[in-house]
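Student: Note that this note's numbering gives residue 237 to position 174 of the first sequence, counting from 1, and the numbers run on in steps of one.
Below are the structure tokens for one structure; questions will follow.
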Amino acid sequence: MEESGNHYKKGLWTVEEDRILMEYVEVHGKGKWNSIAKKTGLRRCGKSCRLRWMNYLSPSVKRGSFTEEEEDLVIRLHNLLGNRWSLIAGRVPGRTDNQVKNYWNTHLCKKLGIKNKQTGSRSGGFSGKSTNSMASIKASDKLINSNLYPPDGSIDMGANEIFQVNKGSSLEPPVEDSDYAQELMIGDDFANSFWLSNDELIGTPLSNSSLGEFMDGYSLDLSCHGL
DNA sequence: AAGGGTTACAACCGCAGTAGG
DNA sequence: TCCTACTGCGGTTGTAACCCT
64 MEESGNHYKK GLWTVEEDRI LMEYVEVHGK GKWNSIAKKT GLRRCGKSCR LRWMNYLSPS
124 VKRGSFTEEE EDLVIRLHNL LGNRWSLIAG RVPGRTDNQV KNYWNTHLCK KLGIKNKQTG
184 SRSGGFSGKS TNSMASIKAS DKLINSNLYP PDGSIDMGAN EIFQVNKGSS LEPPVEDSDY
244 AQELMIGDDF ANSFWLSNDE LIGTPLSNSS LGEFMDGYSL DLSCHGL
């Protein structure tokens, strides 16, 4: 495992490698990860450097086990967002997508009695970038980005993302494009669904408790959809 | 004490999106 | 417009630590 086909090293990072990477970031800042190997002699590819910094070395990364509040927040956000770990992590201060993902897969799946099989979640649930559910959110992104379709005029169209959630269930069925989304909104299901923007969902800033209160207001089903 | 199984988490892989030339 | 490099994401794998017999 010491070396792959190229000259880059793989596997666990040593203390010395961490030190080199931290010194580089202190001097040059984040970014330009691919130049680190040339400038420092560190035998790690840029991708590996970036991951190491983002997931471990960055001072903003919180270490240690998840608190009950964080756990609750992750559960709620996962129910809403599915396996979009980076989005979830962005709402849990100090936690990375990798931490959230690992915590979900090792602790929460077990705790919630979820059959932890990623392939299952791929096919039936709300996860993965190739799923229909992902298409749903991407379609929603399109709506927001194009200012094409304000559902009722009450939504802050400056939001980065919007999500459609059914009362009493989880998320909308697949939406392949904005036209279809428009149909959905106009159709009978409209009365049983609502739209919320990223700003509404998250706020700026939004504390864990306020998000919890927000979601409690909609009685979101905490069972995991199809996982 | 040993070693086999399990758990938790760090790290890698492959793909997609994007910016710049 | 195309190509390339870079970045970010989610799924998966590898491995150290722990647990159980």
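Don't be surprised by glycine CBs; every beta carbon is placed ideally from N, CA and C.
Since this is a predicted model, take the numbers as computed values, not measurements.
Suppose you measure from the CA of R126 to the CA of H70; what does that come to, to the nearest Å?
Tutor: Straight-line measurement puts the Cα of H70 at about 31 angstroms from the Cα of R126.
Student: Excluding the 5 residues preceding and the 5 following E263 in the sequence, name in chain order all residues of the same chain whose CB lies nearer than 6 angstroms to its CB.
Tutor: Residue placement at E263 is flagged as unreliable, the pLDDT there being 40, under the threshold of 50; a coordinate-derived value is accordingly withheld.
Student: Would you mind sorting S111 into buried or exposed? The rule is 16 or more other CB atoms within 10 Å of its CB.
Tutor: buried
Student: Out of R106, K95, K93 and N97, which has the shortest C-alpha to C-alpha gap to E80?
Tutor: R106
Student: Excluding sequence positions up to five away, which residues of its chain have a Cβ less than 6 angstroms from the Cβ of F129?
Tutor: Take F129, set aside five residues on each side of it, and the residues of its chain with a beta-carbon closer than 6 angstroms to its own are Y166, in chain order.
Student: On the criterion of 16 or more Cβ atoms from any shown chain inside 10 Å, does L84 qualify as buried, or is it exposed?
Tutor: buried
Student: Which of the three DSSP states is assigned to K125 in this structure?
Tutor: coil
Student: On the criterion of 16 or more Cβ atoms from any shown chain inside 10 Å, does I225 qualify as buried, or is it exposed?
Tutor: Model confidence at I225 stands at a pLDDT of 37, short of 50, so the residue's coordinates are unreliable and nothing is read from them.
Student: Identify which residue in K93, K173, R154 and L171 has its Cα closest to the Cα of P122.
Tutor: K93
Student: Can you give the Cα-Cα distance for R139 and K95, rounded to whole angstroms?
Tutor: 35 angstroms
Student: Which of the three DSSP states is assigned to K72 in this structure?
Tutor: strand
Student: For V137, count the other beta carbons within 10 Å of its own beta carbon; 16 or more makes it buried, fewer makes it exposed. Which is it?
Tutor: Buried is the call here.
Student: Can you check whether the CB of M117 is closer than 9 angstroms to the CB of G161?
Tutor: Strictly speaking, residue 161 in this sequence is Asn, with Gly absent from that position. Yes, the pair counts as a contact, with Cβ atoms nearer than the cut-off.
Student: With a 10 Å radius around its C-beta and 16 neighbouring C-beta atoms as the bar for buried, classify R158 as buried or exposed.
Tutor: buried
Student: Would you mind stating whether W76 and R115 have Cβ atoms separated by less than 9 angstroms?
Tutor: Going by C-beta atoms, W76 is nearer than 9 angstroms to R115.
Student: Indicate the three-state DSSP secondary structure (helix, strand or coil) for K95 in the structure shown.
Tutor: coil
Student: Buried or exposed: R82, going by 16 or more other Cβ atoms within 10 Å of its Cβ?
Tutor: exposed
Student: Whole angstroms are fine: how far does the CA of G153 sit from the CA of E131?
Tutor: 18 angstroms
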